[in-house]
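A.B. asks:
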Amino acid sequence: MFEMLNALFSGFYQVFAWSTFSLMCVGIVVGFIVGILPGLGGPTAMALMLPFIFKMSAVEAFAFLLGMTAVTATTGDITSVLFGVPGEPTTASTIVDGHAMAKKGEAGRALGAVLTSSLVGALFAAFALAAAIPIIRPLVLTFGSPEFFMLAFLGITFVASLSGEAQLKGIISGGLGLMLATIGLDPISGIQRYTFGQLFLWDGIGLVPVTIGFYAIPETIELAVLGTSIAQQDVGRLGGVMEGVKDTFRHWWLVIRCSALGTFTAIIPGMGAATTQWLAYAHAVQSSPNKERFGKGAVEGVLGPGAANNSTLGGSLITTIAFGVPASVIMAILLGAFIIQGIVPGPDMLLPPPKGKLDLTFSFVWVIIISNIITVAACFLFLKPLAKITQVRGSLIIPCILLLIYLGAFAEKNAFEDMIVVLFFGALGWIMEKLEWPRPPILLGLVLGPLAENRLFLSSDNYGAAWLWRPGVLIILMLILAGILYPIIKERRQKRQGEASAPVREPRKIQPRLNGAVLFSLSIVVMVALALWRSRDFGFRAGLFPWTIGFPVLALAIVQLGSDLLGYGKRRAHAAVGEMGPKTSPELAYRRTLAIIGWIMGFFGAIWLLGFLLAVPATMILYLKLAKEKWPITLTMALITWALFYGLFDYALHVPFPEGQLFVWLK
């Protein structure tokens, strides 16, 4: 107990060190902007910020990232209430009653209620995380390498089955991520695997460029296609804020229940805030004696989701820290930050120093508490100006995002080739989004791949085949099967119920068809087959993991190909590029899509030709002027961006940016 208290206070002291606290504040500012601007999701923001943590200490890096993550849901509620546009997908449920209250002139009361309940939920989550450590530590310490190997698959299975996408596609995506993790030199034998003679692939594919490509580029394309300012309405008077604060304490027991619901539901991998917000809203409705008020401006419909949204962070951190199983997309990217910092989640995170990093774990608790207190206080002080931020035009945001995309790609290894990796995975991520292939399992597989391969080697080396029959392995295997089978059984049950109530129809004729989904599935089958063929010369040590993953993935990909070929796959209405919303015609969406793709390639071409220092102001001025921005705004933004870029990265950090190819030719 004394060791735990010592680690708790050590974590508190580390957070309030000047460098750590200042970086946490920077993260809070970034989280403010991300949360309040629709189109910039939390995963995208964290992907863009990962390159900046390489030179930070562990506590500084996680204070920066968690400080940013902890506030996005809170500030996302502001646009949900004022404009009916969720700043984050995790704040969508707040619209139902929050925006209805705003329409009735109670915007201030709704904001006061949601901000205060968010603070309560965050504090509850932090204390739950701290209280869970002594409970889960004995369990984690009993795990060996076989159990941790199975936990990697458990995490991928849950994310695949609970992410709302087709389950088979999710499992295949996770397997592809694990296969991508094998690119590079085998850590034991030193054999090259899938490097194709490229030196920069010897260290494998970088997590940062893949993450940025998967999330930032598709989000940028979508933001450009929408082609509007964030909010179309003016912000009215924001009176009655203190009344909303009082509502939190009038319905105190509801806020606590929803906080607990968010925390403990989020412990289950895949059950993030996007799910818990609606569970909390449903609970608020069911527990109210006046259900007819909901949807028309009931304050309880704001308090429940507000508390649950912010309490999920503590719950999802429990499984991520203790078992290395990310409970959400945000946690999957955060796990990448662990890898960047050279930290392996698991027993070490629960042991006191010097053997472990329990003080770092407790610093997470303090970061959640402090960042949310600062955020809510700032929101109350600056509600009106913060609401005005939502009226920023997308044309002013996109060039800054494009700069961060390429800067982040280059910063990990100072390698120009990583910018090509970003473009490749950006295109792949955009195609997967359109064809309804989930992206989080691929990223999770890439993150967990090296750890899983290491655990598989240790398991087979220490136990032979006997590790397959260990009780812990069998229990986790049953959880994996349950995670796979439950959604299938549930879907079939709902389908039977729907068929029972629907009129009898003639059976549909199955006709093979060729479309984008079929071509994509076929390309996966071909790539996995070629990867397995190439691995025949790896030897047992280097080939064990690719074989263990590759053959099941190939079999599942063939099943998916057959399903797509026979037309069994379900397609949503927005599968076409152009269907981005009721205000954007398909023709206009296609033109904007082609234009932003041209700009993404153009930024890359300018950097290759002119180098970063000249390409940054040149491309920004050209973009803003073609977007019909006025000269004062254009020159001011270009000057500020170039000054920050040059002052921080070139002058202060001495990042070795490559010289433009044009100047190489002129020499």
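Using the working numbering, read the sequence shown as starting at 42 and increasing by one per residue.
The beta carbon of each residue, even a glycine, is placed where N, CA and C say it ideally should be.
For clarity, every value in this text was computed on a predicted model and none was experimentally measured.
Assign R480 to one of three DSSP states: helix, strand, or coil.
C.D. replies: Residue state, collapsed to three classes: coil.
A.B. asks: Mapping DSSP to helix, strand and coil, what is I271?
C.D. replies: With a pLDDT of only 43 at I271, under 50, the local geometry of the prediction cannot be trusted, and no value is derived from it.
A.B. asks: Count the other C-beta atoms from every protein chain shown that fall within 10 angstroms of the C-beta of A647, then say buried if there are 16 or more, exposed otherwise.
C.D. replies: Buried: at least 16 other Cβ atoms inside 10 Å.
A.B. asks: Measure the CB-CB distance between G139 and V343 and report whether it falls below 8 Å.
C.D. replies: Taking 8 Å as the Cβ cut-off, G139 and V343 qualify as a contacting pair.
A.B. asks: Do T304 and F105 have their C-beta atoms closer together than 8 Å?
C.D. replies: Against a cut-off of 8 Å, the Cβ pair of F105 and T304 comes out as no contact.
A.B. asks: Let me make sure I understand the geometry here. Which of L685, P697, F690, G652 has the alpha-carbon closest to that of F703?
C.D. replies: This sequence places Leu at residue 703; Phe is not what is there. Here the closest residue by C-alpha is G652.
A.B. asks: Mind reading off the beta-carbon distance from S159 to A348? Whole number of angstroms is fine, and I expect it under 8 Å.
C.D. replies: With 8 Å as the limit, S159 and A348 qualify as a contact, their Cβ atoms being about 7 Å apart.
A.B. asks: Taking the Cβ atom as the reference point for each residue, do E44 and P393 lie within a distance shorter than 8 Å?
C.D. replies: Yes. Within cutoff.
A.B. asks: For I69 and F405, what's the separation of their Cα atoms in angstroms?
C.D. replies: The straight-line gap from Cα to Cα measures roughly 14 Å.
A.B. asks: Drop a sphere of 10 angstroms on the beta-carbon of S63, count the other beta-carbons inside from all chains shown, and report buried for 16 or more, exposed for fewer.
C.D. replies: It counts as exposed.
A.B. asks: Cutting at 7 Å between CB atoms, please list the residues of its own chain near K145, excluding the five before and the five after it.
C.D. replies: Only G338 meet the Cβ criterion.
A.B. asks: Sorted by chain position, which residues of the same chain lie with C-beta nearer than 6 Å to L209's C-beta, five sequence neighbours on each side aside?
C.D. replies: Here the set comprises Q601.
A.B. asks: Quick one: residues in its chain with C-beta nearer than 6 Å to the C-beta of P187, no 5 flanking neighbours on either side, listed in chain order?
C.D. replies: S500, W508, R511, V514, listed in sequence order.
A.B. asks: Using a 10 Å radius around the Cβ and a threshold of 16 neighbouring Cβ atoms, would you call V567 buried or exposed?
C.D. replies: Its Cβ having fewer than 16 others within 10 Å, V567 is exposed.
A.B. asks: For a test of the three-state rule: what should DSSP assign to L424, helix, strand or coil?
C.D. replies: L424: helix per DSSP, three-state reduction.
A.B. asks: Rounded to whole angstroms, what's the CA-CA distance from A345 to A86? Just pull it up for me.
C.D. replies: In the sequence on display, residue 345 carries Gly and not Ala. So the alpha carbons of these two residues sit roughly 26 Å apart.
A.B. asks: If the criterion is Cβ atoms closer than 8 Å, does the pair I224 and L242 meet it?
C.D. replies: Yes, they are a contact pair.
A.B. asks: With a 10 Å radius around its C-beta and 16 neighbouring C-beta atoms as the bar for buried, classify K398 as buried or exposed.
C.D. replies: K398 is buried by the Cβ-count criterion.
A.B. asks: According to DSSP, is Q318 helix, strand or coil?
C.D. replies: The answer is helix: DSSP assigns Q318 an H, G or I state.
A.B. asks: If you draw a straight line from the alpha carbon of S51 to that of W706, how long is it in whole angstroms?
C.D. replies: Each residue's Cα considered, the two are about 56 Å apart.
A.B. asks: For the alpha helix (DSSP H) containing W243, list its first residue and its last residue.
C.D. replies: Segment: none, W243 is in no alpha helix (DSSP H) and carries neither H nor E.
A.B. asks: Can you list the alpha helix (DSSP H) stretches of 4 or more residues lying completely in the segment 330-412, in chain order?
C.D. replies: For the segment 330-412, whole alpha helix (DSSP H) runs of length 4 or above, ordered along the chain, are 341-364, 370-381.
A.B. asks: Pop quiz: G254 and A151 are said to be a contact at Cβ under 8 Å. What is the actual Cβ separation, rounded to whole angstroms?
C.D. replies: Actually they are not in contact, since the Cβ atoms of G254 and A151 sit about 38 Å apart, beyond 8 Å.
A.B. asks: Which whole-angstrom value is the C-beta distance of T135 and I371, which I expect to be below 8 Å?
C.D. replies: Not a contact, Cβ separation roughly 19 Å.
A.B. asks: Hey, out of G196, A48, A143, whose CA is closest to I517's CA?
C.D. replies: Ranking the options by Cα distance to I517, first place goes to G196.
A.B. asks: I need the DSSP call for L226, collapsed to helix, strand or coil.
C.D. replies: Three-state DSSP puts L226 in a strand.
A.B. asks: Short check: CB of T177 to CB of I359, under 8 Å?
C.D. replies: First, the residue type needs correcting, since residue 177 is Ile and not Thr in the sequence shown. Their beta carbons are under 8 Å apart, which means I177 touches I359 by this criterion.
A.B. asks: Could you check which residue in Y527, T402, V282, A630 has the C-alpha nearest to that of F423?
C.D. replies: Cα-wise, what sits closest to F423 is V282.
A.B. asks: Under the rule that 16 or more other beta-carbon atoms within 10 Å means buried, what is W294, buried or exposed?
C.D. replies: When all chains shown are included, W294 counts as exposed.
A.B. asks: Identify, in the order they occur along the chain, each residue of the same chain with its Cβ nearer than 7 Å to the Cβ of W407, setting aside the five sequence neighbours on each side.
C.D. replies: For W407, where only same-chain residues beyond five positions count, the Cβ hits under 7 Å are G52, F53, V56.
A.B. asks: Apart from the five residues just before and just after A48, which ones in its own chain have a Cβ nearer than 6 Å to its Cβ?
C.D. replies: Around A48: P393, L399, D400, F403.
A.B. asks: Sort T198, W649, L219, I381 by Cα distance to G211 and report the nearest one.
C.D. replies: Of T198, W649, L219, I381, the residue nearest in Cα terms is T198.
A.B. asks: Quick check on G580: does DSSP put it in helix, strand or coil?
C.D. replies: Coil at G580, not helix or strand.
A.B. asks: What does the alpha-carbon distance come out to for the pair I461 and P259?
C.D. replies: Taking the straight line from one Cα to the other gives about 16 Å.
A.B. asks: I381 and F690: beta carbons closer than 8 Å?
C.D. replies: Taking 8 Å as the Cβ cut-off, I381 and F690 do not qualify as a contacting pair.
A.B. asks: What is the rounded straight-line gap between the Cα of T682 and the Cα of V696?
C.D. replies: Whole-angstrom Cα-Cα distance: 17 Å.
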